Amino acid sequence: MSMIGEYARVTPAELDRALGDPEWALKLVQGRMEAEAAGCPETAPTRCLDIDKAWDAIGFLLRRAAFPVDIVHGEQAVPDADDWGYGPPRYLTPAQVRTAAEALAEIPAERLTAGAGPADLAAAQVYPAIVWERGEPLDYVCAHYEQLRPFFRAAADEGDGMLLWIG
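Residue numbers (full-length UniProt numbering): 1 to 167.
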């Protein structure tokens, strides 16, 4: 089974409720993911995003760039939350989302990956290691990273926080 990086934008009120009631948060997120997968509503901004198996490579590259916020694992744990896949969810406050969005705007994918290659990711044992050991280019990582940039920008513009987990 693959480990997938998952994100869900939440309003400040939803984040507050999620921190006190993680079961409610899981139902909220699952409902949104199902609705978005079904294409409903088409005109609404995306509230959920997955970056597939690129999460660990993105995290590695962001740490290398001294990124100010952990946008892969979140900054804080959701208290008393059960496992949402490969551990409990974590979260970012609206202020942390705003900081991340501003920093993401300054780092295009080409700059993020400059000076790094598959051998670097393989040496660091970045998941999924077999991909980097085969020498696959970082195009896959760049494509998913470029999805994060507008996702965080939209969340910041709306004043949203974020739930994050590896599913």
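By construction, the Cβ of each residue, glycine as well, lies at the ideal position given by its N, Cα and C atoms.
From a predicted model like this one, the values you see are computed outputs, not experimental measurements.
1) Strictly by DSSP, which residues pair up with G135?
2) Do the stretch 49–60 and the stretch 144–158 touch if we need at least three Cβ pairs shorter than 8 Å?
3) Which two residues bound the contiguous beta strand (DSSP E) that contains G5?
4) Thinking W132 and L148 are a contact (beta carbons under 8 Å), I'd like their distance in whole angstroms, please.
5) Give a yes or no on contact between the stretch 92–100 and the stretch 148–159, applying the rule of three or more CB pairs nearer than 8 Å.
6) Give the single residue among P108, G39, Q30, F67 whose Cα lies nearest to the Cα of G85.
7) Once you ignore the five residues that flank A129 on each side, which residues in its own chain have a CB closer than 7 Å to its CB?
8) Residue ranges of each alpha helix (DSSP H) run of no fewer than 4 residues wholly in the stretch 19–83, ordered along the chain?
9) Using beta-carbon positions only, say whether P94 and G20 come within less than 8 Å of one another.
10) Going by DSSP, which residues form a beta bridge with R98?
11) State yes or no: is the C-beta of Y7 within less than 8 Å of the C-beta of C48?
12) Judging by CA-CA distance, which residue of L92, F60, L104, G87 is the nearest neighbour of A124?
13) Restricting to runs no shorter than 3 residues, where is the beta strand (DSSP E) found entirely within the stretch 101–167?
14) In the DSSP assignment, the beta strand (DSSP E) including Y91 goes from what residue to what residue?
15) Is it the case that the Cβ atoms of P12 and G167 are separated by a distance below 8 Å?
16) Going by the beta-carbon positions, is the gap between P22 and D70 smaller than 8 Å?
17) Apart from the five residues on each side of it in sequence, which residues of its chain come closer than 7 Å, Cβ to Cβ, to P28?
Quick answer:
1) Partner(s): none; G135 has no beta bridge.
2) By the C-beta criterion, the stretch 49–60 is judged to be in contact with the stretch 144–158, since at least 3 inter-stretch pairs fall below 8 Å.
3) 5–10
4) At roughly 20 Å, the Cβ-Cβ gap does not stay under 8 Å, so W132 and L148 are not in contact.
5) With the cut-off at 8 Å, the stretch 92–100 and the stretch 148–159 touch.
6) Q30
7) A122
8) Qualifying alpha helix (DSSP H) stretches, in chain order: 22–37, 55–64.
9) no
10) In the DSSP output, where bridge partners are listed per residue, R98 has none listed.
11) A contact, by the Cβ cut-off of 8 Å.
12) F60
13) 161–166
14) For Y91, the enclosing beta strand (DSSP E) has its first and last residue at 90–92.
15) no
16) no
17) Inspection of the sequence shows that residue 28 is occupied by Leu rather than by Pro. Within its own chain, the residues whose Cβ lies closer than 7 Å to the Cβ of L28, once the five positions on either side in sequence are excluded, are E14, listed in chain order.
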